[in-house]
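>
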Amino acid sequence: MATFLTPVLIQRAHELIDANDNLEGFVPGEGSLTPKLVLVSEAPGAKEAELSHGFQGPAGTELNQWLALLGISRDEIYMTGAIRARPFTETKGRKRDRRPTQAELKAFAPLLDHELAALPTGTLLVPLGNTGLQRLLGNKMKITQVHGELMKMPILRFHSATDQFKPGSRIYSLFPLFHPSYVRRFPSKRSLVEDDLKMLKTLI
0 MATFLTPVLI QRAHELIDAN DNLEGFVPGE GSLTPKLVLV SEAPGAKEAE LSHGFQGPAG
60 TELNQWLALL GISRDEIYMT GAIRARPFTE TKGRKRDRRP TQAELKAFAP LLDHELAALP
120 TGTLLVPLGN TGLQRLLGNK MKITQVHGEL MKMPILRFHS ATDQFKPGSR IYSLFPLFHP
180 SYVRRFPSKR SLVEDDLKML KTLI
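Just so it is clear: in the sequence shown, position 25 is 24 by numbering that gives the first Met the number 0, and no numbers are missing.
(1) How many angstroms separate the CA atom of residue 105 from the CA atom of residue 165?
(2) To the nearest angstrom, how far is it from the Cα of residue 192 to the Cα of residue 176?
(3) With burial defined as no fewer than 16 other Cβ atoms inside 10 Å of the residue's Cβ, what is the status of residue 202: buried or exposed?
(4) I'd like to check one pair, residue 41 with residue 131: are the Cβ atoms closer than 9 Å?
(5) What are the start and end residues of the beta strand (DSSP E) that includes residue 78?
(6) Using 9 Å as the threshold, is the C-beta distance between residue 171 and residue 151 below it?
(7) In chain order, what residues of the same chain have a beta carbon less than 8 Å from the beta carbon of residue 86, not counting five sequence neighbours either side?
(8) How about residue 81 and residue 134: are their beta carbons less than 9 Å apart?
(9) To the nearest angstrom, how far is it from the Cα of residue 110 to the Cα of residue 91?
(10) Report back the beta-carbon spacing between residue 1 and residue 32 to the nearest angstrom; my notes put them in contact at under 8 Å.
(11) Can you check DSSP and say which residues form a bridge with residue 171?
(12) Check the DSSP bridge columns for residue 163 and list the partner residues they point to.
(13) Might you give, ordered along the chain, the residues of its own chain that have their beta carbon closer than 7 Å to the beta carbon of residue 142, omitting 5 neighbours on each side?
(14) Mind checking residue 185: buried by the 16 CB within 10 Å criterion, or exposed?
(15) What does the alpha-carbon distance come out to for the pair residue 75 and residue 162?
(16) How about residue 45 and residue 94: are their beta carbons less than 9 Å apart?
(17) Just grab the DSSP bridge partners of residue 132 for me.
(18) Which one of 196, 115 and 121 has the shortest CA to CA distance from residue 29?
(19) Which of helix, strand or coil does DSSP assign to residue 44?
(20) Provide the residue(s) that pair with residue 1 in DSSP beta bridges, ordered along the chain.
(21) Can you look up residue 98 in the DSSP assignment and give me helix, strand or coil?
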């Protein structure tokens, strides 16, 4: 699969990961460079970090079911995320996934900013869960409030000079969804997701 990332950005990601004892693996954005939609998730899990590809574990199985409902394949989308390595904590030799820190979100921001800027005009962004959503639209956005809603607005870009995320000038179309992992943990949300996917299918 192809990636929008440049060798310089990939090297930078490896340097960030090597310098952080609580990050592992590297998962580049990958897929079609003319995608029908772009998934923006949180961060890789253990299986993704091991294989260097997104959505390889249980969440990947769930995602495959979603794509089947949409009538598209992984080759027709682009998958990326706020963080490109697995954030983890370790207790007694056992690693557990954790939420990325704000510093990590900022450190990896140039990679996502570059990818989304390179997308063809009109490409639909599908943020998955709160982290993917808030990375693009800010912390006031909640996935429980806006899932399944088509929005058109600027997204946040990171400005190193001010150490802040600020809206850019380009307008993007966004259609937020719950994260596949969330649906596996809370099966009662599945009917909501199925309704959202029916709506999404009409948009692609």
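For glycine and all other residues, C-beta sits at the position ideal for the given N, C-alpha and C.
Here's the rundown:
(1) 12 Å
(2) 7 Å
(3) exposed
(4) For residue 131 and residue 41, yes; Cβs fall inside 9 Å.
(5) 77 to 80
(6) yes
(7) 21, 22, 42, 96, 97, 98, 99, 100 and 103
(8) yes
(9) 33 Å
(10) 5 Å
(11) 152
(12) According to DSSP, which records beta bridges pairwise, residue 163 is partnered with 158.
(13) 128, 129, 132, 175 and 177
(14) exposed
(15) 34 Å
(16) Against a cut-off of 9 Å, the Cβ pair of residue 94 and residue 45 comes out as a contact.
(17) In the DSSP output, where bridge partners are listed per residue, residue 132 has none listed.
(18) 115
(19) coil
(20) 30
(21) coil
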